[in-house]
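Structure record follows, encoded as structure tokens.
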């Protein structure tokens, strides 16, 4: 149903879909499972130009990132913090410039990451020049907006330059068309040059 809605409203600005499968109350205990009908839906989404994100390695291990990207064809990963547990998978993600949508406050509030500060995976992503961005996840649930996430990262020691790079990463990895992406990147680079 989600894919059909994306396809029906594509011309109205709907450009992508996200998959969150970890639902213990429904017996799903793993993120990004390679099962039907998920595989078929993601293949059809790719075939019809609908962009794809998958929540992975937020509550489960690094192999969920591997399944999401290389099994389902996800273009971006929601969260992905536990990818660091498997260096081979993480290094492949670095090499392939897989984008991680990171949400500092949410990662702590959900228990996905136990502690903040210099040991938080986002700091590692930044230091490794991974393709990651900073998001708020769901302000209505967490009570925190993206500016709060930036302030938290600053408290953890993330530099303004690395935060700016995260914004550029977000633009590069956005689901905008090439023209829109070019314009956004140009605007951001001009603003950061001031």
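In the UniProt record's numbering, the protein residues as written are 1 to 194.
Just so you know, even glycine gets a beta-carbon here, dropped at the ideal spot from N, CA and C.
- If you draw a 10 Å sphere on the C-beta of residue 93, you find 16 or more other C-beta atoms in it, and that means buried.
- Restricting attention to 146, 55, 193 and 49, the CA atom closest to the CA of residue 33 is found in 55.
- Taking 8 Å as the cut-off, the Cβ atoms of residue 121 and residue 81 count as close.
- With contact defined as three or more Cβ pairs closer than 8 Å, the segment 59-66 and the segment 113-129 are not in contact.
- Counting only the Cα atoms, residue 139 lies some 5 Å from residue 145.
- Counting along the chain, residue 55 sits inside the beta strand (DSSP E) bounded by residues 51-56.
- Taking 8 Å as the cut-off, the beta carbon of residue 51 is found closer than this to the beta carbon of residue 175.
- The beta carbons of residue 5 and residue 45 sit no closer together than 8 Å.
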